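Accompanying notes for the structure given below.
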Amino acid sequence: MAGPGRAAKPRFVDALKHHDLRILALAFIADGGATWAYNVVLISYVFERTHSAGWITALVTVRWVVGMLCGGYAGVLADRYDRRSVLMVSASLAAVVTLGIAAVVAFNAPLWALLISVAVLTAVCSPVRPASGALIPESVPESDLVAANALFALLESVIVVLGPGIGALLLLTGEPVYGVLINTVSYLVAALLYRALRVRSRGSAEAGGGALTQWISGVSALGHHRKALVLTMFLVLDSAAANAANVLMPSLAQHLGGGTTGYALLLASNALGSVVVAALAQRLTGSRRLTLLIIGALFLQCVPLWLSVFVGTVPNAMLLQLISGVGMVIVDVLAFTTLQRDLPRDVLGRVLGTVDVLILASAVLASIMGSWLLAQFGIAWALGVIGLGFPLLGLFGLPVLRRLDRDMAQKAARLEPVTRILERLDLFAGAPRSLLEHLAEDAEERTVPAGETIIRQGDPSDALWILTDGTLAISAVRDDGVSVELPDVEAPGYVGELGLLNGTVRSATVTTATECEMLHIPGTDFSEALEAATPSPSMLDRAGVRTARTSVMAPPVAGVAGE
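Take UniProt numbering: the last position of the sequence shown gets the number 563, and nothing is skipped along the way.
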């Protein structure tokens, strides 16, 4: 069995072995990169036409407001219909709407038409986050869930760095409509990618039911989970701090003597910090100290924002912004992954839609607050309130997070005897601790009297049996009709893996020779574990021996009994 070092390594490659996650990631890249470039082009276009910061503010605000208004219903859609279909329809409609925006830009139509078009685009895109967020846990086993979320955090950070640069290059063409049309193409590509998804998933919201009632049921699910509420609070604080900092960043760059170039460098440094740490999120999530990690990461995100005021130069502030980006991604990945694990899958879309509404609302309020503090008290006070006030608010979640830590520790202690047996049996190569604990949690302890048949040759392979005490007798009828008695299995041992590995029926009959203490692990759980970690060489060798014993050409083989 591989040691802790193997489990701690980032598992991006393992996560990307899953077809549907690859599709979701490619769609995210296609859509996200083009959208960031399009935003830069559109803001530049509006400023060139109006030379007014007010129109730019209106363009940004309309997205936030519509996002807040549509977020709840978007979550209902993600739970009411097949989430793959929701993503396909959303991307297809977005392509049509961006064609309209391209027409507005090409013909210099009134800017109110542009605002309406942007509002419609925000509305049709609003189901993407709750639908894709709810699909991620369906696309990968739990052991790869953190790596999957960290991957998307990494991709988002890379897009934030590269997207505006692509937009700047498009501006050099002198034709802003090209940037909009590229976004149209990106939505079409995303729609085709979503069509290739194999997973089919939906929540419990019934078609025809009241959308408000169904959204309230999702909000209620969030309200009944204190841990989920606190984790949402940290996601909101994280987002609020980031958005308030974005509003204040131009003033910070000016304060440090950096101007427009300094502003771009500060933003890029913050995004670079996100890129650096995303690959380490897998290591952090295995910790039993979520309290320390999440609250510490929030301080790590916020305090450097305030300290940037006093460092005197843009290069020094860039280092602090990089540290801030590190903290932001740690909060995002840990809190979001824990939400996905703890909440019921049938309401997950609605809950994530609600979380999006709260995050957007916090973005609006934090941006307004940041602007007001800047106007009233200056950059040092504005960033001081954010850099120190937001982490201090996070301390109110300390009791619930500490309870979460205790729950995790108690769960680990409760599962330790079974986990130790699974480690000793060496079933998987490089299995992370979380995978073994998941199997241990689903294992059912059974006391089986002597003479009971637990596996019958020819039956479907539906479970793995772990023998912790006692002796199992093994017999089989070979392909040529000859009955063979095979060596007994002594504790600790296991039977039933051969049919699960090969996808075949049972190849032998297993009977308890004595009273036995056993663990029953459902076949579906064992198969999911095999998707997340490869079978160990010892299990494959054992399977080869057991296959040989029931073959018509089987020579006498000493060693381990078959199933």
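We put the beta carbon where it would ideally sit given N, CA and C, even for glycine. For clarity, every value in this text was computed on a predicted model and none was experimentally measured.
| Cβ-Cβ distance between Thr98 and Leu115 below 8 Å | In this structure, Thr98 keeps its C-beta atom at 8 Å or more from the C-beta atom of Leu115.
| query | How far does the alpha helix (DSSP H) with Ile386 in it reach, from first residue to last? | reply | Unbroken run through Ile386: none, as it is neither H nor E.
| task | Specify the secondary structure class of Ala463 as computed by DSSP and reduced to three states. | result | In the structure shown, Ala463 adopts extended strand secondary structure according to DSSP, grouped into three states.
| field | Inter-stretch contact (C-beta, 8 Å, three-pair minimum) for the region 95–110 and the region 61–70 | value | No, they do not touch.
| Do you know how far the Cα of Asp525 is from the Cα of His19? | So the alpha carbons of these two residues sit roughly 19 Å apart.
| Measuring CA to CA, which of Gly503, Ile136, Asp407 and Arg420 is closest to Asp459? | Ranking Gly503, Ile136, Asp407 and Arg420 by Cα distance to Asp459 puts Gly503 first.
| Shortest alpha-carbon distance to Val329 belongs to which of Asp541, Val355, Cys302 and Leu307? | Cys302 is the residue among Asp541, Val355, Cys302 and Leu307 whose C-alpha sits nearest the C-alpha of Val329.
| request: Let me know if Lys17 comes out buried or exposed under the rule of 16 or more other beta-carbons within 10 Å of its beta-carbon. | output: That one is exposed.
| query | According to DSSP, what are the bridge partners of His19? | reply | According to DSSP, His19 bridges with nothing at all.
| said: Counting beta carbon pairs with one atom in the region 188–197 and one in the region 358–374, are three or more of them shorter than 8 Å? | reply: Counting Cβ pairs under 8 Å, fewer than three are found: no touch.
| message | Rounding to the nearest angstrom, what Cα-Cα distance links Ala74 and Ser126 in this structure? | response | Going by C-alpha positions, Ala74 is about 6 Å away from Ser126.
| query | For Val309, which option in Ala375, Glu517 and Leu248 has the closest C-alpha, if you only look at C-alpha atoms? | reply | Considering only Ala375, Glu517 and Leu248, the residue with the shortest C-alpha distance to Val309 is Leu248.
| task | For Arg200, count neighbouring Cβ atoms within 10 angstroms of its own Cβ and tell me buried if that reaches 16, exposed if not. | result | Exposed.
| message | Using a 10 Å radius around the Cβ and a threshold of 16 neighbouring Cβ atoms, would you call residue 593 buried or exposed? | response | Within the shown structure, residues of the chain are numbered from 1 to 563, placing residue 593 beyond reach of any answer.
| query | Three-state secondary structure (DSSP) at Val13? | reply | Under the three-state reduction of DSSP, Val13 is assigned to helix.
| Quick one: what does DSSP say Val482 is sitting in, helix, strand or coil? | It is coil, neither helix nor strand.
| Cβ distance (whole Å) where Ser139 is taken to contact Leu87 below 8 Å | Cβ atoms of Ser139 and Leu87 stay farther apart than 8 Å, at about 12 Å.
| query | Buried or exposed: which applies to Asn149, given that a residue is buried once 16 or more other Cβ atoms fall within 10 Å of its Cβ? | reply | With at least 16 other beta carbons inside 10 angstroms of its own, Asn149 counts as buried.
| query | Quick one: what does DSSP say Ala205 is sitting in, helix, strand or coil? | reply | Since pLDDT at Ala205 reaches only 47, below the 50 mark, its modelled position is unreliable, and the value read off the structure follows with that caveat. DSSP places Ala205 in coil when its eight states are reduced to three.
| Measuring CB to CB, does Gly325 end up less than 8 Å from Ala271? | Contact: yes.
| field | Classification of Glu497 by the beta-carbon crowding that lies within 10 angstroms, buried from 16 upward | value | Note on Glu497: 16 or more other CB atoms within 10 angstroms of its CB, so buried under the neighbour-count rule.
| request: Mark Ser117 as exposed unless 16 or more other C-beta atoms lie within 10 angstroms of its C-beta, in which case mark it buried. | output: Buried.
| request: Check Thr447 in the structure and name its three-state DSSP category. | output: Three-state DSSP puts Thr447 in a strand.
| query | Which word fits Asp407, buried or exposed, when buried means at least 16 other C-beta atoms lie within 10 angstroms of its C-beta? | reply | Residue burial annotation: Asp407 is exposed, with fewer than 16 other C-beta atoms found within 10 angstroms of its C-beta.
| query | So Ala476 packs on Val484, CB below 8 Å; how close in whole Å? | reply | With 8 Å as the limit, Ala476 and Val484 qualify as a contact, their Cβ atoms being about 6 Å apart.
| Continuous beta strand (DSSP E) stretch holding Tyr494: start and end | First-last of the beta strand (DSSP E) with Tyr494: Gly493 to Val495.
| request: Please determine, among Asp144, Ile466, Asp480 and Val489, the residue with the shortest C-alpha to C-alpha distance to Ile474. | output: Answer by Cα proximity: Val489.
| message | Using only CA atoms, which one of Gly378, Leu292, Gly384 and Leu339 lies nearest to Gln254? | response | The candidate whose alpha carbon is nearest that of Gln254 is Gly378.
| field | Buried versus exposed call for His51 [16 or more other C-beta atoms within 10 Å across all chains shown] | value | The C-beta of His51 has fewer than 16 other C-beta atoms within 10 Å across all chains shown, which makes the residue exposed.
| In this structure, does DSSP put Thr471 in helix, strand or coil? | Strand, per DSSP.
| Starting from Pro522 and walking both ways along the beta strand (DSSP E), at which residues does that stretch end? | In the DSSP assignment, Pro522 falls within the beta strand (DSSP E) that extends over Cys516 to Pro522.
| field | Spatially closest choice to Leu392 from Leu439, Ala443 and Gly296, by CA coordinates | value | Of Leu439, Ala443 and Gly296, the residue nearest in Cα terms is Gly296.
| message | Check this for me: beta carbons of Leu415 and Glu444, under 8 Å apart or not? | response | Not closer than 8 Å, so no.
| said: Taking the beta carbon of Ala207 as the centre, do at least 16 other beta carbons fall within 10 Å, making it buried, or is it exposed? | reply: For Ala207, the predicted structure reports a pLDDT of 48, less than 50, and the residue's modelled location is therefore unreliable. The matter cannot be settled from this model.
| Going by alpha carbons, who is nearest to Asp541 out of Leu427, Leu467 and Ser461? | Ranking the options by Cα distance to Asp541, first place goes to Leu427.
| task | Have a look at Val89, Ser251 and Ile159 and flag the residue whose alpha-carbon is nearest the alpha-carbon of Ala190. | result | Nearest C-alpha to Ala190 among Val89, Ser251 and Ile159: Val89.
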